[in-house]
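Here's the structure, in structure tokens; my notes come after.
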Amino acid sequence: MIMSTERIIGKISATEKYPSTTDDFYFWTDKGEILSPFDIVKVKHLPNDETITYGVIEEINHVTDAPSHFTNYISSDFGDTADNIGNMNRLGMNYVKAKVVCNTGNIYSPVLDGKQVSLCTAEDIKTALGLNEVKNPIVCGYLQMYKGNEALKIKVELNANFLIGPEGAHLNVSGISGLAAKTSYSMFLLNAIQQKFCTEDGGDVAFVFFNVKGRDLMAIDEPNTELKDKDKAIYTEELGLQPLPFQNVTYYYPYDNQRPSNVLTNADPKDVERQRGNNKAFTYKFPCENYIDKLDLLLANEDDSTGTMESCVNYIINKQGNFKNVSTWDTLKDVVAQYANGSATGAKNEILPSSWKKFLRIINKAVDLQGIFNDNVADYERDLTTIVRNNLVGGQVMVIDITLLDDNTQGFVFGSVARAIWEMKFDTERNNVPKKVIIFVDELNKYASNDTPKSSPILHQLLDITERGRSLGIILFSVEQFRSAIHDRVKGNCATSAYGRTNAIEVSKSDYRYIPKVYQNMMTRLSAGEYIISNPALRSLVNIKFPFNTYKQFPNG
Amino acid sequence: MGTILEYINSHNESGFKCYSTKKTSLDDNNIDTISSENSDTDTVPIDTKGKFAEDDGRLINTVKIPNSLIINTPPYFRYFLDGSRHTYKVDDIAIGNKIFPIVAGQIVVGCCCRPNRDTFKKADLENDGGIRKKIVISLPKQFHTKGKPDDFARSYCEQINQHLAATNRFASSRGTRISKILFYKTDGPTVADVTDKNRYKNSAIAQIQNEMTDEEQLLVNDLCMANKLSSDSWLIKDGSLQYNPRFSNIDQAQWNNMRSNYKYVVGVSKSFDPDLLKNHEGKKLSQIIANLKPFERTKAYKYVSEHSNGMTFAVWYLRLRKSDFRETHFSDVIKCEMLLLDPSHPIKTSVIDAISANLIREAYPVCFGSDTRWANHLYPVYLTETFCKSHYIDSNIFLSLF
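Protein sequences appear in the order of chains A and B. Per my numbering, the very first residue in the first sequence carries number 1284; after that it's consecutive. Per my numbering, the very first residue in the second sequence carries number 4; after that it's consecutive.
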């Protein structure tokens, strides 16, 4: 790590129009000085230069003494495009706006005009951002600052209490598809958490991942053989992590008897068989008798403004009418069909046959098309929620593949598992319930977007997790393309936000209003592997990078 | 009444009375190229027909600076010097049965260096750091009647400074002090027409102006003492080089010595009297100057200035720009001067052409929009002027000292 020389790069400039304030200050610097937004600078401050005020660069402006573009046009001999007209270039300099991050003496009166501004050492930067002596540190990447010989690479650690509770919890990652590497960043963080809490601290954290894209997460316990030495060096030397894949991983594939290996997945059947052979992969099913009380989850995305579907579900869950002895999906369909065509015997109910017809369509669509709604669970197959409730322990990683399921069924799987985790936390009979369970869900917009019906049980589940999960130890790591599309209360309760590359339309939304314009523009230019992080323990937004993932990658999905 | 005037009012030889009149700035912006209010009018040409100050003796009126020379000439000028002063009438004082103005001035003389086309900085000089700043007070000579004026001025100035430091927080914290007390003449040939009601004020301002030109000469001297000027490191001095020793507060011997400092110095004036010189035929140059084509110059003429102890100068006029957009016929013409150390040896025409080509290049970029005289300005000179002006104390603060 190269140490900065604390070189003086300019002086504070406080003018009538642009004064120094409690929040920010301006300084001038040479036009050849290479600085970037997010770089941190320091200024000696009151009393008697005994304290230091740190500022993070927000805007860099280049100005000359030309009052108008017309002046410059004339300076080029009225439009001559030749280079180097005259013996000198116009006098110019850069002026930089920096936001006050902190003062070492807690003095927040504005920095004074004419004070020297200098680059920081690594220690300065850690002090400025609150990265010094972080308790319960979890590596969340590294930041790069300055250019040339003064370049610095600094490990960024977050206090785990502010990432996975109890002080603050939940992470939201946003960014456009492909360019933002959202899943990669989430996995980097989760790997760091597993290394920290499952190796060093005895394994009090369990992980439940939902795989929604290709084979992304279906080999996270296998090493990335293409990981370059320089990336390995970043893991070991810069970040203090082992370049190892996830440990103690179990994969769960949805059952489908029409597909090779009887699993509905994008994974290579050979890989699935190999994982099965190693006792790492299982097929999951939802037997009716265990899930009939979760039928509401199938209606998560259905428009049910009159509440009739909810009435149907309640009727079934309460085992009213002919649903008293229903224990298989086929029987359920038959009985619903009876109500739909008016042939049901016994006591009359108040639900119209037309409502039952609609409900039947939903049930049929799920049960007929998705093989996971199956009542026969063999020994080598698993009932997902039972596994979660009874077997999920600290240090374990469950990867549940839902890639090829339809949207309603994906919601059903996610909702069932989330509900099972919630139930597990209240299970007083188990004595090995993990202290924390981190749920990783991609495409959060499917379950908690602004357009999700307010009655959606999955939305309610997510609101429960984000609003009350922190104290219970249920932590949500969620990912979506557009943060602005996510339900306010869900994203609002995420203590940590990671902003990857996005587009100009997205940053014009109100979610980004508090982010300085320059940073907003930077968000549209971030490269893959680059994030802007906001966390309560950090004093400022931080632009971080992370190395390639340590587990097996499938470039083509 | 402020600190200094309080002291003057209560500590003077004959109990002269200060009137506490309004404090006003005396500066106005003279923006016309054709000027009769500059040093040109104070100098007297000796010959009726112009004699060339360059070695090309062809009897022509103008010389076109070749485009190839403009493009290819290496930069000659590395140093740029400008003097600037602000004057203020701070009060009126009754002496006898007359009322005289008390005029105060801020003088800033600065020199900048341009080592390459992207760097422009204050000249690195040990004595004064490339900038000389002074605050002076110009009082009527009747204010002082006893002893040597210099001794009195020095001791009185010191007393004022002690009073200022003791009573003014700004002055004591910033080390602001009066550098010199000048005494202006209230009669004699240098004082304008007695019917001119501003004659005392102008005389007071002239004293401050002289002090400024002295500072300019001292700064040029510093450059030479530091060996900063050479054949590839010339100085452009803003304004005329025709200093008048009679108006100087420097002693004559030192003044004469300093004239040898001007071998690599070109004086450039933005405003001038176009009728000052005559061409080789004895006709006034004004018509030739007005008709100069873009990047054309007049021939360089010898000019013997009586006011400068009979020193000989080479003077020529140069049009800096293309003429399509100029406001007047003189608005992009500058007057160039060099001191002929040996009047019998004219300057090489190639040198004058190269200097002219360089001056044309120095005219870019322009300060259009920032200075109404942009067409006549040389950019580094404009920057030096801006640098000097940035060292002025704010007028309100300055006047509060009084």
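For each residue, glycine too, the CB sits at the ideal point set by N, CA and C. As the structure is a computational prediction, the values presented were derived from the model and not from experiment.
Cβ-Cβ distance between residue i and residue j below 8 Å
i	j	result
A/Lys1563	A/Tyr1534	yes
A/Ser1817	A/Leu1824	yes
A/Thr1779	A/Met1806	no
A/Met1371	B/Phe123	yes
A/Gly1756	A/Gly1448	yes
A/Thr1466	A/Asp1725	yes
A/Val1439	A/Cys1423	yes
A/Arg1665	A/Phe1569	no
A/Asp1690	A/Asn1584	yes
B/Ala303	B/Glu129	no
B/Lys92	B/Ile110	no
B/Lys281	B/Ile337	no
A/Gly1388	A/Thr1334	yes
B/Leu404	B/Ile140	no
A/Val1339	A/Phe1321	yes
A/Ser1303	A/Ile1295	yes
A/Thr1833	A/Pro1526	yes
Nearest residue (CA-CA) to residue i, options the options
i	options	result
B/Gly372	A/Gly1458, A/Pro1350, A/Tyr1538 and A/Ile1292	A/Pro1350
A/Ala1381	A/Gly1362, A/Glu1342, A/Gly1375 and A/Asp1363	A/Glu1342
A/Asn1331	A/Asn1377, A/Phe1308 and A/Lys1398	A/Lys1398
A/Ser1681	A/Glu1633, A/Val1790, A/Pro1717 and A/Ala1489	Here residue 1681 of chain A is Met; the residue named in the question, Ser, does not match the sequence. Comparing Cα-Cα distances from A/Met1681 to each of A/Glu1633, A/Val1790, A/Pro1717 and A/Ala1489, the minimum goes to A/Ala1489.
A/Ile1503	A/Val1346, A/Gly1413 and A/Ser1469	A/Ser1469
B/Asn260	B/Ser176, B/Val223 and B/Pro277	B/Val223
A/Ile1741	A/Tyr1518, A/Tyr1834, A/Val1339 and A/Leu1581	A/Leu1581
B/Asn294	B/Ser311, B/Arg329, B/Asn312 and B/Phe186	B/Arg329
A/Asn1377	A/His1345, A/Ile1357 and A/Asn1597	A/His1345
B/Lys188	B/Thr170, B/Ala174 and B/Gln145	B/Gln145
B/Gly255	B/Asp217, B/Leu167, B/Thr148 and B/Ala107	Position check: residue 255 of chain B holds Gln in this sequence, whereas Gly was assumed. Comparing Cα-Cα distances from B/Gln255 to each of B/Asp217, B/Leu167, B/Thr148 and B/Ala107, the minimum goes to B/Asp217.
A/Cys1777	A/Met1707, A/Val1762 and A/Ser1791	A/Val1762
A/Val1700	A/Val1720, A/Leu1687, A/Phe1642 and A/Glu1520	A/Val1720
A/Lys1418	A/Asp1551, A/Ala1820 and A/Pro1636	A/Ala1820
A/Phe1837	A/Glu1316, A/Asp1366 and A/Ala1550	A/Ala1550
B/Tyr10	B/Asp345, B/Lys101, B/Cys116 and B/Ala168	B/Ala168
A/Phe1529	A/Phe1471, A/Ala1365, A/Ile1827 and A/His1453	A/Phe1471
A/Ser1754	A/Gly1431, A/Asp1396, A/Glu1450 and A/Tyr1429	A/Glu1450
A/Phe1713	A/Lys1300, A/Thr1519, A/Ala1620 and A/Val1671	Per the sequence presented here, residue 1713 of chain A reads as Arg, with Phe not at that position. Considering only alpha carbons, the answer is A/Val1671.
Whole-angstrom C-beta distance between residue j and residue i, which should lie under 8 Å
i	j	result
A/Val1696	A/Ile1704	In fact, because the Cβ distance is near 13 Å, the residues do not count as touching under 8 Å.
A/Cys1481	A/Gly1678	4 Å
A/Asp1499	A/Val1383	With a Cβ gap of about 41 Å, A/Asp1499 and A/Val1383 do not count as contacting.
B/Pro104	B/Ala209	Contact flag wrong, Cβ pair sits at about 13 Å.
A/Lys1325	A/Tyr1337	5 Å
B/Val271	B/Leu362	7 Å
B/Phe333	B/Pro277	7 Å
A/Ala1405	A/Leu1435	5 Å
B/Ile184	B/Ala156	4 Å
B/Thr387	B/Asp241	7 Å
A/Ser1811	A/Ala1475	Here residue 1811 of chain A turns out to be Ala, not Ser, going by the sequence shown. Actually they are not in contact, since the Cβ atoms of A/Ala1811 and A/Ala1475 sit about 19 Å apart, beyond 8 Å.
Is the segment 382-391 of chain B touching the segment 260-268 of chain B in the sense that three or more CB pairs, one from each, lie closer than 8 Å? no
Compile a chain-ordered list of the residues in the segment 72-83 of chain B whose CB is closer than 8 Å to at least one CB of chain A. Pro78 and Phe80
Contact residues within the segment 1360-1381 of chain A, judged by C-beta distance below 8 Å to chain B: Asp1360, Phe1361, Asn1367, Ile1368, Gly1369, Asn1370, Met1371, Asn1372, Arg1373 and Leu1374
Could you please tell me which residues of the segment 346-379 of chain B, in chain order, have their CB closer than 9 Å to any CB of chain A? Asn361, Ile363, Arg364, Glu365, Ala366, Tyr367, Pro368, Val369, Cys370, Phe371, Gly372, Ser373 and Trp377
Looking at C-beta atoms only, is the number of pairs between the segment 74-83 of chain B and the segment 231-239 of chain B that lie closer than 8 Å three or more? yes
Are the segment 285-295 of chain B and the segment 20-30 of chain B touching, with three or more C-beta to C-beta distances below 8 Å? no
With three or more C-beta pairs closer than 8 Å as the rule, is the segment 1429-1448 of chain A touching the segment 1739-1749 of chain A? no
Output, in sequence order along the chain, the residues in the segment 1297-1308 of chain A whose CB is closer than 7 Å to any CB in chain B. none
Got a sec: which bits of the segment 117-138 of chain B sit with their beta carbon under 7 Å from any beta carbon on chain A, in order along the chain? Arg117, Arg120, Asp121 and Phe123
Given 8 Å as the limit, is there contact between the segment 1610-1626 of chain A and the segment 1645-1653 of chain A, that is, 3 or more CB pairs closer than that? yes
In the segment 57-69 of chain B, which residues sit with their C-beta less than 7 Å from some C-beta in chain A, listed in chain order? none
Give a yes or no on contact between the segment 1535-1543 of chain A and the segment 1510-1518 of chain A, applying the rule of three or more CB pairs nearer than 8 Å. no
Mind the definition here: the segment 316-326 of chain B touches the segment 352-371 of chain B only if three or more C-beta pairs lie below 8 Å; say whether that holds. yes
Is there contact between the segment 1346-1366 of chain A and the segment 344-355 of chain B, where contact requires at least three CB pairs shorter than 8 Å? no
For the segment 1329-1352 of chain A, which residues have a CB atom closer than 9 Å to at least one CB atom of chain B, in sequence order? Thr1347, Asp1348, Ala1349, Pro1350 and Ser1351
Could you run through the segment 1750-1776 of chain A and flag, in chain order, every residue whose CB is less than 8 Å away from some CB of chain B? none
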